[in-house]
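**Q** The following block contains the structure, expressed as structure tokens.
There are 2 protein chains.
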Amino acid sequence: MTNEGATSTRTTPVFFVAGGTGISAETLGNLMLQQFPSVAFERRKFPFVTTVERAREVRGVFDAACTDSVTPLVFSSVSDDEVRQELQQTRCAFIDLFGSHLDLIERVLSVNATHGGAPLHGLGDTRRYDARMKAIEYAMEHDDGASLRHLESADLILVAPSRCGKTPTSMYLALQHGLKVANYPLVEEDFDTGGLPRPIRGLVDRCFGLLSTPARLSQVRGERRPGSKYASMGQCSYELRRAEALYRAHRIPSINSASMSVEEMAAVIMQSSNLSGLL
Amino acid sequence: MTNEGATSTRTTPVFFVAGGTGISAETLGNLMLQQFPSVAFERRKFPFVTTVERAREVRGVFDAACTDSVTPLVFSSVSDDEVRQELQQTRCAFIDLFGSHLDLIERVLSVNATHGGAPLHGLGDTRRYDARMKAIEYAMEHDDGASLRHLESADLILVAPSRCGKTPTSMYLALQHGLKVANYPLVEEDFDTGGLPRPIRGLVDRCFGLLSTPARLSQVRGERRPGSKYASMGQCSYELRRAEALYRAHRIPSINSASMSVEEMAAVIMQSSNLSGLL
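Chains A and B supply the protein sequences, listed in that same order.
Going left to right, the first sequence walks through residues 54 to 332 as my numbering numbers them.
Going left to right, the second sequence walks through residues 54 to 332 as my numbering numbers them.
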């Protein structure tokens, strides 16, 4: 095999290293890598690097990936000074997501950082954590209209025809933001009355509607029940039209899920419904 | 009210600003703030800041929060140069999570960043996104032994007595890493035979066990069924002991969920089971 010499055929190793789960390093690192769509990356994560010994091992892996032609990237969210100092000696490009920012924050606050302490994604504040776990439980129990009890204790009720993204969005809002999200599936009978479906009557202030495009909805439904009326363009188009009319009639805010990710939907819904959740 | 002059009684406003959902800014920002446990912060997020006009509005909010005694913190993951230039003019402390790192990466890769492009938490790569959505669906269908069909197509099967954290951990692994996770609840009958429960026989290579402490398990169960045998210390202690013996007998790796968050469990499980998931 000859080396074609084109950067695009080369794969650049990327390492994420952290004292905790590595979620921060991964998230922000990926955000940066996305700015280089022409480059192929091979990612590997090293979570829970909390000792200098472990840092030395990990640095060995980093350095072994360095070649004359390729400099791997290391994204680090390690906060411990000694561990960081060890990692920084790598021959890879070291992107310290933590380092200098902390100095700035220390100056602004006139308070010293603890340089360690509880990891963000540890249990931390147990009450806050329990709230998230309870929210997941609530979302599971109230998925797809499974239970219509205690809907009034929901922070948010997602309303939509089947397969418009209610479930993943509910789970995301519960897991990430500790919001108690119920969801209510609109079915044909709901469209006949013209009014709001009984279970969500009186709760319209916390309802949020999801829509999709007929093509996308038909595709998603077709994967579940190929060739069915349920998945037909005609049926999908009808349900979406009626759902949209219902949202409009009752001033339920809505978004089209066809071109949005759950993360985007969650951010838009929270902004629009003035829900702060757990930040 | 007199100002006591103690920094700890003052609340420092913190703003997260992003061109996308703001998850990266929030995650890494909070990781840094956690280094200052004595300081009270008041957080606010501004997602989807993609135009200079919007940036100007948002900067107005930042600056309005500046006082003689308090300098708010702004964590920015904005990648667009013009938007960033507008935001940087704030009188708050501006923590640019993106800025200089991108220059370094550009030098290392000898490739220019696009300085914009698809947001990380947009739909992006649809195939990758669909895989995550399918994983959530799979996790929902296979929660708590609800369906024992297609267990062989699971990437991972979480095994544990009731209320040890199977459900949130499954959801997290599906949502965040696109892993197809089933979970299997161990009940008393499972302990009687000594062998592996029938549905997971032959699948032991992808099983992972969760444990808890009797006290924590009893507390969590007590919230659901106060005063029940199910929630009693004796019952919890018994089930945990038997579960642990079962894991040991069948060489199923396990962790204790009592002192770990779902994020930590997910990271440990993936590391231990050699699952890379979607990074």
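Yeah, the Cβ is synthetic: ideal placement off N, Cα and C, and Gly gets one too.
Note that this is a predicted model, so its numbers are computed, not measured.
Specify, as a first and last residue, the run of the beta strand (DSSP E) that Glu41 (chain A) falls within.
**A** The structure shown does not extend to residue 41 (chain A), since chain A is modelled only from 54 to 332, so the question has no answer here.
**Q** Indicate whether at least one CB of chain B lies closer than 9 Å to the CB of Ile305 (chain A).
**A** no
**Q** Would the beta-carbon of Gln88 (chain A) fall within 9 Å of that of Thr64 (chain B)?
**A** no
**Q** Output needed for Phe94 (chain B): all residues of its chain with C-beta closer than 6 Å, excluding positions within five of it in sequence on either side, in chain order.
**A** Thr65, Val67 and Leu86
**Q** Can you tell me where the beta strand (DSSP E) with Phe128 (chain B) in it begins and where it stops?
**A** Leu126 to Ser129
**Q** In the DSSP assignment, find the unbroken beta strand (DSSP E) run with Gly149 (chain B) in it and report its ends.
**A** Note that residue 149 (chain B) is Asp in the sequence shown, not Gly. Run containing Asp149 (chain B): Ala146 to Asp149, per the beta strand (DSSP E) assignment.
**Q** Assuming Gly135 (chain A) contacts Arg109 (chain A) under a Cβ cut-off of 8 Å, what Cβ separation, rounded to an integer in Å, is found between them?
**A** It is worth fixing the name first, because residue 135 (chain A) is Glu in this sequence and not Gly. At roughly 11 Å, the Cβ-Cβ gap does not stay under 8 Å, so Glu135 (chain A) and Arg109 (chain A) are not in contact.
**Q** For the candidate residues A:Glu276, A:Val273, A:Leu211 and A:Arg295, whose alpha-carbon lies nearest to that of Thr246 (chain A)?
**A** A:Arg295
**Q** For Leu249 (chain A), does the three-state DSSP call read helix, strand or coil?
**A** coil
**Q** Looking at the secondary structure, which residues open and close the beta strand (DSSP E) in which Thr167 (chain A) lies?
**A** It is not in any beta strand (DSSP E) - Thr167 (chain A) carries neither H nor E in the DSSP assignment.
**Q** Are three or more beta carbon pairs between the segment 257-272 of chain A and the segment 308-317 of chain A nearer than 8 Å?
**A** yes
**Q** Can at least three beta-carbon pairs, one atom from the segment 120-135 of chain B and one from the segment 66-84 of chain B, be found at a separation below 8 Å?
**A** yes
**Q** In the structure shown, what three-state DSSP assignment does Tyr283 (chain B) receive?
**A** DSSP places Tyr283 (chain B) outside both helix and strand once states are collapsed to three, so it counts as coil.
**Q** From the DSSP secondary-structure annotation, give me the bridge partner or partners of Ser307 (chain A).
**A** A:Gly262
**Q** Examine chain B for any beta-carbon lying closer than 9 Å to the beta-carbon of Glu317 (chain A), and answer yes or no.
**A** Under the Cβ criterion of 9 Å, Glu317 (chain A) is counted among the residues facing chain B.
**Q** In the DSSP assignment, find the alpha helix (DSSP H) that holds Asn83 (chain B) and state where it starts and stops.
**A** In this chain, the alpha helix (DSSP H) harbouring Asn83 (chain B) covers Ile76 to Leu86.
**Q** Indicate whether at least one CB of chain A lies closer than 9 Å to the CB of Ala184 (chain B).
**A** Chain A places no beta carbon closer than 9 Å to that of Ala184 (chain B), leaving this residue out of the contacts.
**Q** Can you give the Cα-Cα distance for Glu317 (chain A) and Pro221 (chain A), rounded to whole angstroms?
**A** 12 Å
**Q** For a cutoff of 9 Å on Cβ pairs, would you count Gly75 (chain B) as touching chain A?
**A** yes
**Q** Looking only at its chain, what residues have a beta carbon closer than 6 Å to the beta carbon of Phe151 (chain B), apart from the 5 residues adjacent to it on each side?
**A** Ser130 and Ser132
**Q** Count the other C-beta atoms from every protein chain shown that fall within 10 angstroms of the C-beta of Ala298 (chain A), then say buried if there are 16 or more, exposed otherwise.
**A** exposed
**Q** For a contact meaning CB atoms closer than 9 Å, what does Gln138 (chain B) contact in chain A?
**A** Think of a sphere of 9 Å around the beta carbon of Gln138 (chain B): no beta carbon from chain A falls inside it, the nearest being about 17 Å out.
**Q** Checking 9 Å against the spacing of the C-beta atoms, do Val234 (chain A) and Leu201 (chain A) come in under that value?
**A** no
**Q** Using only CA atoms, which one of B:Ser326, B:Gln288, B:Leu162 and B:Ala320 lies nearest to Pro306 (chain B)?
**A** B:Ser326
**Q** Are there three or more Cβ pairs, one per stretch, closer than 8 Å when the segment 184-194 of chain A is compared with the segment 222-230 of chain A?
**A** Counting Cβ pairs under 8 Å, three or more are found: they touch.
**Q** Determine whether the Cβ of Thr266 (chain A) lies closer than 9 Å to any Cβ atom of chain B.
**A** Answer no: the Cβ-Cβ gap between Thr266 (chain A) and chain B never drops below 9 Å.
**Q** Under the DSSP definition of a beta bridge, which residues are partnered with Val70 (chain A)?
**A** A:Phe99 and A:Ser129
**Q** What does Val212 (chain B) pair with, by DSSP beta-bridge criteria?
**A** B:Tyr237 and B:Gly262
**Q** Tell me which same chain residues have a C-beta within less than 6 Å of the C-beta of Cys217 (chain B), skipping the five on either side of it?
**A** Leu263, Ser265 and Ser310
**Q** Taking all protein chains shown into account, decide if Asn165 (chain A) is buried (16 or more other Cβ within 10 angstroms of its Cβ) or exposed.
**A** exposed
**Q** List the DSSP bridge partners of Thr64 (chain A).
**A** A:Ala93
**Q** Please report the residue range of the alpha helix (DSSP H) in which Leu228 (chain B) lies.
**A** Lys219 to His230
**Q** Indicate the three-state DSSP secondary structure (helix, strand or coil) for Leu204 (chain B) in the structure shown.
**A** helix
**Q** From Ala171 (chain B) to Pro90 (chain A), what does the alpha carbon distance come to, in whole angstroms?
**A** Confidence at Ala171 (chain B) is low in this model, with a pLDDT of 47, below 50, so its placement is unreliable and no value can be given for it.
**Q** Assign Ser271 (chain A) to buried or exposed, taking buried as 16 or more other Cβ atoms, counted over all protein chains shown, within 10 Å of its Cβ.
**A** buried
**Q** Taking Ser326 (chain B) as part of the alpha helix (DSSP H), name the residues at either end of that continuous run.
**A** Segment: none, Ser326 (chain B) is in no alpha helix (DSSP H) and carries neither H nor E.
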